[in-house]
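Counting from 1, position 1 in the sequence shown corresponds to residue 1349 in this note's numbering; the numbering is continuous, with no gaps.
Note that beta-carbon positions come from the ideal geometry of N, C-alpha and C, so glycine has one too.
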Amino acid sequence: MQIYLASVSINLQGVTIEAEHSHADLETAEADKLSGEELEMLKTDNIGVMASKISGVNMISTGQNVAKPVIHGLHSNRILVVNNGIRHEFQNWGIEHA
């Protein structure tokens, strides 16, 4: 069996995308935080477990002490963690490097 492909040219029309920018349709989420009472109840958990109680925050975890925060789908070098004024910037290492 022999199969031959025929050469065909198809001219496509250009695509035009038009939109209007309006600030009125933008919604913002209210900032969420843990109260002192909530922190006191969770004090035996690690910081990742505590932070995951906040809406939009989760953790990527591959072991007992290996975890990275995920904030609205962003993680690793896409977020900045500041602890007592010290920046903890994540590198582009594998998931095992927390």
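My understanding is that residue 1396 touches residue 1420, with C-beta atoms under 8 Å, so please give their C-beta distance in whole angstroms.
The Cβ separation is near 16 Å, so there is no contact.
6 Å Cβ shell around residue 1429 - same chain, five flanking residues per side excluded
Apart from sequence neighbours up to five positions away, the residues of its chain that approach residue 1429 with a beta-carbon distance below 6 Å are 1436, ordered along the chain.
In this structure, what does DSSP give as the bridge partners for residue 1407?
When beta bridges are read from the DSSP output, residue 1407 appears opposite 1417.
Using a 10 Å radius around the Cβ and a threshold of 16 neighbouring Cβ atoms, would you call residue 1357 buried or exposed?
Residue 1357 is exposed by the Cβ-count criterion.
Can you give the Cα-Cα distance for residue 1422 and residue 1391, rounded to whole angstroms?
In this structure, the straight-line span from the alpha carbon of residue 1422 to that of residue 1391 is close to 25 Å.
For residue 1428, report the span of its beta strand (DSSP E) as first-last.
Counting along the chain, the unbroken beta strand (DSSP E) around residue 1428 starts and ends at 1428-1431.
Is it the case that the Cβ atoms of residue 1432 and residue 1417 are separated by a distance below 9 Å?
No.
Under the assumption that residue 1382 contacts residue 1402 (Cβ atoms under 8 Å), give the Cβ distance between them as a whole number of angstroms.
Rounded, the Cβ-Cβ distance is 6 Å, consistent with contact.
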